[in-house]
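J.:
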Amino acid sequence: MATIQERFFALPTTAISDATGGHTNIDSSIKPLSDHFKVAGRAVTVRLPDGENGAVLEAISKAQKGDILVIDAKGNKNRAVAGDFVISLAKGLGVQGFVVDGVIRDIAAIRKLDYPVFSLGTTVAAGHKHGGGVVGVPISVGGVTVHPGDFIIGDIDGVVVVQQEEAEQIAEAAEAKLTKDEAREKEALANGEESIRAYLAKVLAK
Numbered sequence: 001m002a003t004i005q006e007r008f009f010a011l012p013t014t015a016i017s018d019a020t021g022g023h024t025n026i027d028s029s030i031k032p033l034s035d036h037f038k039v040a041g042r043a044v045t046v047r048l049p050d051g052e053n054g055a056v057l058e059a060i061s062k063a064q065k066g067d068i069l070v071i072d073a074k075g076n077k078n079r080a081v082a083g084d085f086v087i088s089l090a091k092g093l094g095v096q097g098f099v100v101d102g103v104i105r106d107i108a109a110i111r112k113l114d115y116p117v118f119s120l121g122t123t124v125a126a127g128h129k130h131g132g133g134v135v136g137v138p139i140s141v142g143g144v145t146v147h148p149g150d151f152i153i154g155d156i157d158g159v160v161v162v163q164q165e166e167a168e169q170i171a172e173a174a175e176a177k178l179t180k181d182e183a184r185e186k187e188a189l190a191n192g193e194e195s196i197r198a199y200l201a202k203v204l205a206k
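Per this note's numbering, numbering of the sequence shown is gapless, rising by one per residue and ending at 206.
#1: Quick one: Cα of residue 94 to Cα of residue 197, how far?
#2: Rounded to whole angstroms, what is the Cα-Cα separation between residue 4 and residue 150?
#3: For residue 119, which residues does DSSP report across the bridge?
#4: CB-CB under 6 Å to residue 119, same chain, minus the five flanking residues each way: which ones, in chain order?
#5: With a threshold of 16 other CB atoms inside 10 Å of the CB of residue 124, please say whether the residue is buried or exposed.
#6: Does DSSP classify residue 40 as helix, strand or coil?
#7: To test your reading of the DSSP string, which unbroken alpha helix (DSSP H) runs of 4 or more residues are found completely within the stretch 41–104?
#8: Residue 26 and residue 117 look like a contact to me (Cβ under 8 Å); what is the Cβ gap, rounded to whole Å?
#9: At 3 residues or longer, and completely inside the stretch 127–189: list those beta strand (DSSP E) runs for me, N to C.
#10: How would you write the range of the alpha helix (DSSP H) that residue 11 sits in, first residue to last?
#11: How big is the Cα-Cα spacing for residue 208 and residue 134?
#12: Only counting the same chain, and skipping five residues up and downstream in sequence, which positions put a Cβ closer than 8 Å to that of residue 187?
#13: Whose C-beta lies closer than 8 Å to the C-beta of residue 143 among residues of the same chain, with five residues either side of it excluded?
#14: Could you pull the start and end residues of the alpha helix (DSSP H) that residue 107 belongs to?
#15: In the DSSP output, which residue or residues are listed as bridge partners for residue 25?
#16: Any contact between the stretch 173–183 and the stretch 27–46? By contact I mean 3 or more CB pairs, one from each, below 8 Å.
#17: Going by C-alpha distance, which of 35, 40 and 137 is nearest residue 167?
#18: By the 10 Å Cβ neighbour count, where 16 or more other Cβ atoms means buried, how is residue 165 classified, buried or exposed?
#19: At the level of alpha carbons, what is the spacing between residue 114 and residue 205?
#20: Between residue 129 and the rest of its own chain, which residues show a CB-CB distance below 8 Å, the 5 nearest in sequence each way excluded?
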């Protein structure tokens with residue numbers, strides 16, 4: 001039997017967003033560095049002071065395999081929260097990906113690592129390590145509150161947060177929505193123009 005994480009990984013974010021009512025969609029400015037990146041796992045949260053990134057290493061050390069680092073960098077675009085070396089550490093320990101309300105650097109090297117990062121973009125400037133970051137607390141990323149252990153699902157369309165206590169309910173609703181959408185597509189496109197017109201007539205008659 002598939003785990004809840006495996007079920008979320010198999011679902012597009014669009015179906016999950018529909019199931020949540022769209023209330024936990026992270027702002028669309030946070031995008032994958034490569035179109036094929038996909039993540040689905042539990043959040044390890046990191047809250048960083050402006051320009052700081054020291055706590056990212058602590059979060060990597062505490063994460064379990066398959067977890068996703070979700071980093072509240074306050075939208076700072078001047079200093080990176082991670083580069084290819086830090087990403088390599090995370091990948092080596094089985095951390096599944098990063099979702100960052102901020103920027104990273106060494107984008108070419110990270111793409112070569114084929115490691116999922118969702119961020120506001122890139123910068124050339126390194127972050128500093130003066131301290132003050134916190135791991136494992138509620139944070140805000142892209143306008144959405146994320147608690148430690150919440151599920152994070154991201155793909156080319158965006159990133160969605162699912163509260164852990166609602167995970168089973170949302171997974172079931174998203175799976176049902178996907179099945180319904182597939183049936184609708186099959187009905188409407190089965191016989192070209194004829195079936196399209198029949199489908200439109202049915203929908204518009206309601």
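For each residue, glycine too, the CB sits at the ideal point set by N, CA and C. It should be emphasised that the depicted structure is a prediction, and the values quoted were computed from it without experimental measurement.
T.: On the basis of the supplied data:
#1: Here residue 94 is taken as the residue at index 94 of the sequence shown, counted from 1. Here residue 197 is taken as the residue at index 197 of the sequence shown, counted from 1. Whole-angstrom Cα-Cα distance: 50 Å.
#2: Taking the sequence shown and counting its residues from 1, the one referred to as residue 4 is at position 4. Taking the sequence shown and counting its residues from 1, the one referred to as residue 150 is at position 150. For residue 4 and residue 150, the distance between alpha carbons rounds to 12 Å.
#3: Within the sequence shown, residue 119 is the residue found at index 119, counting from 1. The partner list for residue 119 (beta bridge, DSSP) reads 31.
#4: Sequence index remark: in the sequence shown, residue 119 carries index 119 (1-based). Answer for residue 119: 100, 103 and 104, listed in chain order.
#5: As a position in the sequence shown, residue 124 is number 124, starting the count at 1. Exposed, since its Cβ has fewer than 16 Cβ neighbours within 10 Å.
#6: Taking the sequence shown and counting its residues from 1, the one referred to as residue 40 is at position 40. Here residue 40 sits in strand by DSSP.
#7: 54–62 and 84–92
#8: Sequence index remark: in the sequence shown, residue 26 carries index 26 (1-based). Sequence index remark: in the sequence shown, residue 117 carries index 117 (1-based). Wrong, their Cβ atoms sit about 14 Å apart, outside the cutoff.
#9: 139–141, 144–146, 151–155 and 158–162
#10: Sequence index remark: in the sequence shown, residue 11 carries index 11 (1-based). Looking at the DSSP string, residue 11 is not in any alpha helix (DSSP H), and its letter there is neither H nor E.
#11: The requested residue 208 does not occur in the structure, where the chain is confined to residues 1 to 206.
#12: Position 187 of the sequence shown, counted from the start, is the residue given in the question as residue 187. Only 195 and 199 meet the Cβ criterion.
#13: Position 143 of the sequence shown, counting from 1, holds the residue named residue 143. Same-chain partners within the cutoff: 26 and 27.
#14: Position 107 of the sequence shown holds residue 107. Looking at the DSSP string, the run of the alpha helix (DSSP H) that includes residue 107 is 107–113.
#15: Here residue 25 refers to the residue found at position 25 when the sequence shown is read from its first residue. Paired residue(s): 160.
#16: no
#17: As a first step, residue 167 must be located in the sequence shown, where it is residue number 167. Among 35, 40 and 137, the Cα nearest to that of residue 167 belongs to 40.
#18: Locating residue 165 in the sequence shown gives position 165, where the first residue counts as 1. Result: exposed.
#19: Your numbering for residue 114 matches position 114 in the sequence shown. Your numbering for residue 205 matches position 205 in the sequence shown. Looking at the two C-alpha atoms, the distance is approximately 48 Å.
#20: If you number the sequence shown from 1, residue 129 lands on position 129. The answer, listed in chain order, is 52, 53 and 54.
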